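Residue numbers (the working numbering): 150 to 374. All residues carry an ideal CB built from backbone N, CA and C; glycine is no exception. Quick caveat: nothing in here was measured; it's all calculated off a predicted structure. Reviewing the structure listed below.
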Ligand code: IPE
Ligand code: IPE
Ligand code: MG
């Protein structure tokens with residue numbers, strides 16, 4: 150049996166289909182998806198998982214979803230950030246955002262920075278939220294920063310290079326959960342998930358609960374590592 154995973158990454162998929170099955174708008178699905186995050190955090194703390202990373206918006210979502218959906222998703226993110234930050238801080242959760250935030254409105258960039266600053270000393274659980282993130286973007290920006298650092302070594306080691314990736318200060322994920330039934334990684338953590346155990350479930354993200362999380366942890370416990 151494996152020990153519990155230290156870092157669990159989650160691709161939160163299926164909000165749109167969940168909304169459709171309830172005859173509601175996609176945005177209603179996203180709102181209920183945001184609610185599911187709270188129980189994930191409480192469960193993770195009880196399980197003593199130290200890092201949870203959530204794929205909240207991919208580079209592809211940002212580029213190719215309708216302007217209206219992206220605008221509403223950013224509004225929801227901004228609302229959640231302001232509404233939940235005090236409670237997250239009180240619970241000892243450290244927040245970290247990854248992705249290309251330069252495209253976001255100034256108020257979101259500022260709110261995200263303030264939340265990171267406020268919670269930077271917390272150690273109970275680290276919550277990484279990936280927005281306008283993709284694994285290829287992460288590797289590309291790392292290459293750019295590596296080159297700009299003026300490092301003229303002709304040999305590039307994985308260790309040197311990986312310092313420039315956006316989650317370099319955190320351990321790689323031990324377990325990746327994807328809801329919504331599709332069995333692909335959709336450009337999430339391409340470098341970091343090299344040895345990650347994968348768990349796919351048909352459950353749509355707003356229906357994710359402790360039982361599904363437990364099933365994922367049981368799957369992980371039985372994997373040969
Ligand atoms: C995941 O749900 C949330 C985001 C990508 C923002 P979807 O919006 O992809 O929902 P489906 O896959 O269409 O059901
Ligand atoms: C993956 O879901 C991205 C997030 C959950 C943020 P998508 O719905 O965007 O993935 P694809 O398009 O089905 O691969
Ligand atoms: Mg989807």
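Alpha-carbon spacing of residue i relative to residue j, whole angstroms
i	j	result
residue 247	residue 373	30 angstroms
residue 269	residue 321	20 angstroms
residue 278	residue 245	6 angstroms
residue 161	residue 353	8 angstroms
residue 344	residue 323	7 angstroms
residue 363	residue 303	46 angstroms
residue 250	residue 349	28 angstroms
residue 365	residue 299	43 angstroms
residue 351	residue 328	6 angstroms
residue 330	residue 309	36 angstroms
residue 172	residue 163	14 angstroms
residue 154	residue 369	8 angstroms
residue 141	residue 311	With the chain represented from 150 up to 374, any question about residue 141 goes unanswered, as that position is not in the structure.
residue 166	residue 306	43 angstroms
Own chain partners of residue i with C-beta closer than 6 angstroms, once the 5 adjacent residues on each side are dropped
i	result
residue 159	203, 326
residue 359	192
residue 200	156, 275, 319
residue 150	370
Three-state class that DSSP yields for residue i in the structure shown
i	result
residue 233	helix
residue 181	helix
residue 318	coil
residue 243	strand
residue 258	helix
residue 221	helix
residue 194	helix
residue 282	strand
residue 335	coil
residue 342	coil
residue 188	helix
residue 305	coil
residue 214	coil
residue 294	helix
residue 204	strand
residue 238	helix
residue 166	helix
residue 175	helix
residue 272	coil
Own chain, CB closer than 7 angstroms to residue i, minus 5 neighbours either side, in chain order
i	result
residue 339	284, 285, 288
residue 185	354, 355, 357
residue 316	247, 277, 341
residue 264	230, 234, 244
residue 260	227, 230, 231
Cβ neighbours of residue i in the same chain (closer than 8 angstroms, five flanking residues each side left out)
i	result
residue 337	158, 160, 204, 207, 279, 282, 283, 284, 325
residue 180	225
residue 314	287, 288, 291, 340, 341
residue 221	176, 179
Considering only residues of the region 345-372, which uninterrupted alpha helix (DSSP H) runs meet the minimum length of 4 residues and lie entirely inside it, listed in chain order?
359-371
Say whether the region 237-244 touches the region 260-274, bearing in mind that this needs 3 or more beta-carbon pairs closer than 8 angstroms, one atom from each stretch.
Between the region 237-244 and the region 260-274, the count of C-beta pairs closer than 8 angstroms reaches three or more; the two stretches touch.
Neighbourhood of ligand 5 [Cβ distance below 7 angstroms to any heavy atom], ordered by chain position
Looking at this structure, you won't find ligand 5 anywhere; what it does contain is ligand 1, ligand 2 and ligand 3.
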